[in-house]
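Here the structure comes first, spelled out in structure tokens, and everything after it is commentary.
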Amino acid sequence: MKYTPLLFTLLLFTLLLAFIASPATLQAQTSARRQPNIIFILTDDLGYGDLGVFFQNQRQKTDDSSEPWHYTPNLDKLAASGAQLTQQYCNAPVCAPSRASLLTGVNQGNAHVRDNQFDKALEDNHTLGTVLQTAGYTTAAIGKWGLQGVDEAGPDWPAHPLKRGFDAYFGYMRHVDGHEHYPVEGVYRGPKQVWYNYENVADAMDKCYTTDLWTAAAKKYITDHEQGADATKPFFLYLAYDAPHAVLELPTQAYPAGQGLKGGLLWLGSPGHMINTASGEVDSYVHPDYQNATYDDDRNPATPQVPWPDTYKRYATAVRRIDDGVGDLMQLLKDLRIDENTLVVFTSDNGPSIESYLPVPYVPNYPTFFNSFGPFDGIKRDTWEGGLRMPTLVAWPVRIPAGKVVTSPSIFSDWMATMAEAAQMPAPARTDGVSLLPSLTGKGRQPESLVYVEYFHAGETPDFEEFGESKRNRRRDQMQMLRLGNLVGVRYQITSASDDFEIYDVVKDPAQRVNLALQPGYEQVQEQLKAKVLQVRRSNATAGRPYDNALIPAVPASGKTAQGLAWKYVQGDFPWVAAESGQKASAHGTAKAVGGKELRKKKGMVYYEGYVQVPADGVYEFSLTTTGKAFVRLHEAILLDADFGYAAGSGLTQRVPLKAGLHPIKIAYLSGKGAVSALTLQWKKAGEAAWHPLRIADLRH
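Using this note's numbering, read the sequence shown as starting at 5 and increasing by one per residue.
If you want it as structure tokens, here you go:
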């Protein structure tokens, strides 16, 4: 066994605490802290249908022995204590882009990490971590990262979690390491590296099953925080499990008795015995509920039932282990008396997979055994509902009523705005999402979420008999999904911007069997879908699309328009260019151009809103320079971002193909951060030499 002294001084947390807080002290801390602690639990390849409350309990009630089921009792309890988001989507049907959109709060039409760009560096911009750090939180990421920088050698990766808003990190850095759940033994995929901040500490992790390892580390982090010097601060924990993603490995033993502060998984901190399940035989323990499980494999009650294949015993055990871990964490919050004011989110990164990575003679892993995709068609890498609809649960006892079911559509990129509001901070202007607190708490009007997905995969939807015939073996290639109310538009094998969408009412028809686009009366919806998917995105050279160069449609004016832009000034000390969210204006008016006297030395935000009048079809270039910080959105796409990391006075440019007509524009400017306020926004048609300021004749409101 190799280890270094640094390992013990920096990582291997001791169980000797600086002090033990009394119940009275803990209660005082909880009541005094208005901002909630936040725990975001993300699983890997867990399907919507894998949770009891969303689907498995229905199978159990049906009691059809040809339709096996598994159990998630602790997650069901979590659901009962808070809210179920039955119509929440991931931003992409595979891990890297899904996680990147979650962490940065932007959809896949504006994201830096797209398609299958595993390990690509998460862009250096606002993240959940940076926003909550600014709000006064201590932050930690535990588990799978996979966004560190693909061509860079560790440990100093360009997008290491410590460079993206996290104070501490413990886990698998590379996404492929998460395909093996025993980092030392490497039972099926070879040994892997486990990182504590910038040090590889895997050598000390003998017999550590990663679901247990991440759970024990999370419990240790929370306990040390609440009983340490930072107890007066709220914490944010991003806990990213690498299961039930293949390889389908088993724990060493039963989940330890008890839960919370004195039971369940415990961090021991001794090399070779890092946690209290790091003993026995690796890859050996099947949960007793599934050890002798049988089912009707031929749908003939007259023939004997047969045992579940080992592959599915493994899958069910892996899910149950996560369930046990979540129950353990929730009890810990109660033991520490912080459960009432801790916001806990549980979900998955994408739909269920067909991967097992197990050798012969194990049978393949098909999500049809448990119907892990739930009532939907599609799996991981599909933009059908089964690949995108996520099993999301949210608890926050002081704010969210127990037993709540939220049916309004939402998407992962909404969590940035949601957490910012919970932390009493404005969301960054670049955030594509909206706060979900109104629908979660039942207070206030819930803004509409932009549920949009674009993705490429050179494969096919599986030919499962559970799926509609039109989807079986359906070639994927370039795909898009956009939700409008109860309707979802989907395109596969896109070749141009003019390709028709299939249209489904996913409330009445969750399996997407009736294509409404084939019926009369949906022609206007078809055109709306084709226009909006161009208006919500901008192209990315690393993830080309066949519609990248299509001219973005203009919009009809909403009533009579006048020249210029409407502006308003909101006074306040903002930490970044903040999203406009209905704040009361201290002043307002009409601007003949951008950057006039409405820019002030007083601290605050200046918001412009209106239209750019594009005279003719073509490609246009926009340029922005400012002495402060600013952000520009055209339609719902990011046009120019001069906020995070922007060097005052530097120029930004962006090319956009536009149809003639009116194009909505929003400009946000952070005022009062310097002695002189200056904002210059120019444009020209591509190929022209001279730039032109956006003048009153170019602007409408």
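The C-beta atom is built at its ideal place from N, Cα and C for all residues, glycine as well. Remember, it's a predicted structure, so these values are computed and weren't measured experimentally.
Need the endpoints of the beta strand (DSSP E) that residue 229 sits in, please. First-last for residue 229: 214 to 230, but that is the alpha helix (DSSP H), not the beta strand (DSSP E).
Which residues bound the beta strand (DSSP E) around residue 67? From DSSP, residue 67 is part of no beta strand (DSSP E); its letter is neither H nor E.
Of the listed residues 633, 636, 134, 571, nearest to residue 611 (C-alpha basis): Answer by Cα proximity: 571.
Residue burial classification, residue 395 (beta-carbon count within 10 angstroms, cutoff 16): Buried, because 16 or more other Cβ atoms sit within 10 Å of the Cβ of residue 395.
Nearest to residue 659 by alpha carbon, out of 687, 561, 347? When each option's Cα is compared against that of residue 659, the closest is 687.
Cα-Cα separation between residue 8 and residue 159, rounded to whole angstroms: Confidence at residue 8 is low in this model, with a pLDDT of 43, below 50, so the placement of that residue should be treated as unreliable; the coordinate-derived value is given next. Taking the straight line from one Cα to the other gives about 16 Å.
Touch check for the region 271 to 284 and the region 307 to 316: three-plus C-beta pairs under 8 Å? Contact fails: fewer than three Cβ-Cβ distances are below 8 Å.
Using three-state DSSP, classify residue 600 as helix, strand or coil. For residue 600, the three-state secondary structure derived from DSSP is coil.
Pair every Cβ in the region 375 to 391 with every Cβ in the region 408 to 415, then say whether three or more of these pairs are closer than 8 Å. Taking 8 Å as the limit for Cβ pairs, the verdict is that the region 408 to 415 does not touch the region 375 to 391.
What number of angstroms, rounded off, separates the C-alpha of residue 535 from the C-alpha of residue 553? Straight-line Cα distance between these residues: approximately 13 Å.
Does DSSP classify residue 689 as helix, strand or coil? Here residue 689 sits in strand by DSSP.
Do residue 675 and residue 607 have their CB atoms nearer than 8 Å? Yes. Within cutoff.
Using only the alpha-carbon positions, how far apart do residue 490 and residue 444 sit? Between the alpha carbons of residue 490 and residue 444 lies a gap of roughly 19 Å.
Nearest to residue 181 by alpha carbon, out of 172, 192, 125, 197? Looking at the Cα atoms, 197 is the closest of the given residues.
C-beta contact flag for residue 117 and residue 106 at 8 Å: The answer is no: Cβ separation not under 8 Å.
Can you give the Cα-Cα distance for residue 379 and residue 512, rounded to whole angstroms? Rounded to whole angstroms, residue 379 to residue 512 spans 12 Å at the Cα level.
Report buried or exposed for residue 185, applying the criterion of at least 16 other Cβ atoms within 10 angstroms of its Cβ. Residue 185 should be labelled buried.
For residue 598, which option in 165, 347, 698, 358 has the closest C-alpha, if you only look at C-alpha atoms? Comparing Cα positions, the closest option is 698.
To which residues does DSSP link residue 495 through a beta bridge? In DSSP, residue 495 forms a bridge with 484.
Residue 26 - DSSP class collapsed to helix/strand/coil: No answer about residue 26 holds up, because its pLDDT of 31 lies below 50 and its placement is not dependable.
With DSSP as the reference, identify every bridge partner of residue 92, one or two as the case may be. For residue 92, which the question treats as bridged, DSSP gives the partners 414.
Please return the same chain residues whose Cβ sits closer than 7 Å to the Cβ of residue 162, not counting the five positions on each side in sequence. Within its own chain, the residues whose Cβ lies closer than 7 Å to the Cβ of residue 162, once the five positions on either side in sequence are excluded, are 125, 153, 156, listed in chain order.
Near residue 303, what residues of its chain come up, given a Cβ to Cβ distance below 7 Å and the 5 sequence neighbours on each side ignored? 70, listed in sequence order.
Can you give me the C-alpha to C-alpha distance between residue 488 and residue 569, rounded to a whole angstrom? Straight-line spacing of the CA atoms in residue 488 and residue 569 works out to 28 Å.
In whole angstroms, give me the CA-to-CA distance for residue 562 and residue 485. Those two C-alpha atoms are separated by around 26 Å.
Under 8 Å, with one C-beta from each stretch per pair, do the region 449 to 457 and the region 96 to 116 reach the 3-pair mark? Note that the region 449 to 457 touches the region 96 to 116; at least 3 beta-carbon pairs, one per stretch, sit closer than 8 Å.
Give me, in chain order, the residues of the same chain whose beta-carbon lies closer than 6 Å to that of residue 257; leave out the 5 immediate sequence neighbours on both sides. Once the five neighbours on either side are set aside, the close Cβ partners of residue 257 are 281, 284, 289.
Checking 8 Å against the spacing of the C-beta atoms, do residue 130 and residue 578 come in under that value? In this structure, the beta-carbon distance from residue 130 to residue 578 does not fall below 8 Å.
State buried or exposed for residue 703, treating a residue as buried only when at least 16 other CB atoms are found within 10 Å of its CB. Here residue 703 is buried, its C-beta having at least 16 other C-beta atoms within 10 Å.
Closer than 7 Å by C-beta to residue 119: which residues in its own chain qualify, once you throw out the five before and the five after it? Chain order, please. These residues qualify, in order along the chain: 101, 459, 460, 547.
Scan the region 535 to 586 and note each continuous beta strand (DSSP E) run of 3 residues or more that stays entirely inside, going in chain order. DSSP runs (the beta strand (DSSP E)) wholly in the region 535 to 586: 569 to 575.
C-alpha distance - residue 271 paired with residue 216, whole-angstrom precision: In a straight line, the C-alpha of residue 271 is about 10 Å away from that of residue 216.
Considering only residues of the same chain and omitting the five flanking positions on each side of residue 350, which have a CB-CB separation below 6 Å? The residues 45, 397, in chain order, have a CB closer than 6 Å to that of residue 350 in the same chain once the five nearest residues on each side in sequence are set aside.
Tell me which same chain residues have a C-beta within less than 6 Å of the C-beta of residue 596, skipping the five on either side of it? Around residue 596, the same chain offers 568, 700 as residues with beta carbons nearer than 6 Å, after the five sequence neighbours per side are excluded.
Cβ-Cβ distance between residue 685 and residue 559 below 8 Å: For residue 685 and residue 559, no; Cβs fall outside 8 Å.
Residues bridged to residue 592 [DSSP beta-bridge criterion]: Beta-bridge partners assigned by DSSP to residue 592: 572.
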